[in-house]
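Below is one structure, written out as structure tokens; the observations come after it.
Okay, structure coming up:
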């Protein structure tokens with residue numbers, strides 16, 4: 001058998017196997033799996049936020065403004081690290097909203113995004129007594145739980 005025919009045969013068998021697996025098992029799970037035992041001390045799973053705290057937290061979006069406007073949480077405050085943004089405005093808004101919430105949860109795009117941790121550290125320097133956490137899985141966890149929506153802040 002010539003190499004082109006062999007390649008075509010192998011690809012068709014692989015495609016048939018993949019299709020069969022998809023039909024039997026379904027599409028791949030896109031959710032974020034959070035193991036509380038493996039979290040860093042300042043991280044929190046979305047499940048805990050919703051179950052134990054009933055979602056009563058101040059959400060802080062550490063993503064770029066365009067992402068926050070497009071698909072952030074409607075109640076989330078924006079605080080990103082963009083040098084063109086006014087950090088004092090972020091600080092003032094978050095500090096004012098922290099009065100009503102004992103916990104703050106900061107999120108960015110995913111579990112590997114470091115900006116949420118940097119923003120959380122800045123929030124902790126306000127020393128207002130609130131617990132400050134970083135959401136494991138970030139925006140991906142919120143989207144998988146169908147908690148995000150398109151909105152336009154006023």
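In the numbering used here, the protein residues as written are 1 to 154. The beta-carbon is built from N, C-alpha and C at its ideal position, and this holds for glycine as well.
Using DSSP's beta-bridge definition, name the partner residues of residue i.
i          : result
residue 61 : 78 and 107
Using DSSP with H/G/I as helix, E/B as strand and the rest coil, what is residue i?
i           : result
residue 128 : coil
residue 135 : strand
residue 49  : helix
residue 153 : For residue 153, the predicted structure reports a pLDDT of 41, less than 50, and the residue's modelled location is therefore unreliable. The matter cannot be settled from this model.
residue 85  : coil
residue 44  : strand
residue 112 : coil
residue 54  : coil
residue 144 : helix
residue 100 : coil
residue 19  : helix
residue 2   : coil
residue 73  : coil
residue 67  : helix
Of the residues the options, which one's Cα is nearest the Cα of residue i?
i           : options            : result
residue 146 : 63, 120 and 50     : 50
residue 75  : 106, 81, 89 and 45 : 106
residue 137 : 15, 131 and 34     : 34
Using 8 Å for Cβ pairs, my map puts residue i next to residue j. What's the rounded Cβ distance?
i          : j           : result
residue 95 : residue 128 : 6 Å
What's the call for residue i, buried or exposed, on a 16-neighbour Cβ count within 10 Å?
i           : result
residue 115 : buried
residue 43  : buried
residue 155 : In the structure as shown, the chain starts at 1 and stops at 154, and residue 155 therefore has no counterpart that could be examined.
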